[in-house]
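The numbering of the sequence shown is numbering that gives the first Met the number 0, which starts it at 0 and goes up by one.
Just so you know, even glycine gets a beta-carbon here, dropped at the ideal spot from N, CA and C.
Owing to the predicted nature of the structure, the values given are computational and were not obtained by experimental measurement.
All remarks here apply to the structure that follows.
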Amino acid sequence: MAKPPSADIVVVGAGIIGVACAVQLARQGRQVRVIDAQAPGMGASYGNAGHLATEQVFPIADLSILKRLPAMLLDPMGPLRLDWTYLPRALPWFMRLLLNLRPARYQRTVAGIRALNEASLGAWQRLLQSIGQPQLLREDGSLLVFERAESRAALDALQQRMTQQGVPVAFWSAQAVHCAAPQLSEAIQGGLFFPATGHFLDPYTVVGELVAAAKALGVEFQQQRVLDAHVDGNGVSLTTDQGTVTARQVLIACGAHSAALTAALTGKRVPLDTERGYHLMLPHEHQRLPFAVTSLERKFIMTPMTDGLRLAGTVEFAGLKRPANTQRAWQLHRLSNGLFRQPLNADDATPWMGFRPSLPDSLPIIDQVCDGKVLLAFGHQHLGLTQAAVTAEKVARLASGEAVAGLEAYRLGRF
């Protein structure tokens, strides 16, 4: 006989998406339990760039990736790297990615990313206001700068493409850039300013405040690893390293680790891979930048935070098992040389690596399957922080049985 449910809904994953979902689900009066192998916020949510990247409506790859493939395999410090030993396993995923770069599918991807991003800022404003922590998000825009005159054509083309997609963007002259960020190098020739973006002062603190709010609503957090799962007559049963957990519904929101659990519960194998992202935290840099700044040529981002300046933005495809290559994190400091009037202070800097869950069409899965017993919210690639609050609103509506329009692009059935 099936064991009676011990919770209304179990959320597997205590990252930013899982915790945000837990808050919204608890507000419906649900008995919610969150389980994760790590403490809340200690996965990708701990070390992301902290940028509310609503302007990033295009996938990380386009057809030029074919030309860049040799460099990706040969340059261990490049901004987009594929570990050659991982190539056999990654090849099917990359073939799917290339198929999704065909015009019709590419436009579907852009439309899907844009729809979530356009709703992201408002959703974050509502969520942070509801827990009394609006100050954690600085809504002061972000800047993409360029240094070489020959880059101006690419910048103009990008501005035109973004304008066509409805992304608020303005060209800033070198004078405007240096007026706003006077410590940037005189080599900066201008940039694109995105007013409808912002940055979080500390992504880990955001998770912590959401956890506190969730606990106040009665959400229970448990640190345990899910080993297996199945759907039964009463709902869902999860086998963990500490016993069995049962619930009427389960939400899979464990990022790059979601594929096996999804297959166990739904029988569907999703082509989920991981972008290994790196950051370098500079604890002695507090006054360099007023907002997040990205370099067009150097392809990384610098975000001012409470604990210093975070340099982030590289992508590495090497799977979940290979150890971190911390030299990729230190390479970010080397890339910063020349971007400021005075070099950045890297004393006591700390490197970090995390896993961004990525699907080959660059869209997340946000869905409800198995007669409503299984909810899915993963695959947000490098936009997990940006899209967490709006995803949580949609998941809460799905869990309550409400019809949610506009989710066709994010359904599990597309694979």
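- According to the DSSP secondary-structure assignment, Y277 is paired through a beta bridge with T313 and M352.
- Closest option to G28, judged by alpha-carbon separation, among S399, A408, G412 and E407: S399.
- Note on geometry: alpha-carbon atoms of T245 and P202 lie some 31 Å from one another.
- Secondary structure of F199 (DSSP, three-state): strand.
- The shortest C-alpha to C-alpha distance from L406 to any of P75, K372 and V368 is the one to V368.
- R247: not part of any beta strand (DSSP E); DSSP gives it neither H nor E.
- The Cβ atoms of L226 and V11 do not sit closer than 8 Å to each other.
- DSSP places D231 within a strand segment (E or B) once states are collapsed to three.
- When DSSP states are grouped into helix, strand and coil, E392 belongs to the helix group.
- Membership of G46 in the alpha helix (DSSP H) is indicated by the continuous run A43 to G46.
- Secondary structure at T84: helix, using DSSP grouped into helix, strand and coil.
- With respect to the 8 Å criterion, G49 and T302 are classified as neighbours on the basis of their beta carbons.
- Judged by DSSP secondary structure, R32 falls within the beta strand (DSSP E) whose first and last residues are V31 to D35.
- Fewer than three beta-carbon pairs drawn from the region 212-229 and the region 63-71 are found closer than 8 Å, and the two stretches are therefore not classed as touching.
- Taking 8 Å as the cut-off, the beta carbon of A38 is found no closer than this to the beta carbon of A387.
- Annotated three-state conformation of V166 is coil, per DSSP.
- The alpha-carbon separation between L338 and L51 amounts to approximately 22 Å.
- The beta strand (DSSP E) runs of length 3 or more contained entirely in the region 82-150 are, from start to end of the chain, 141-145.
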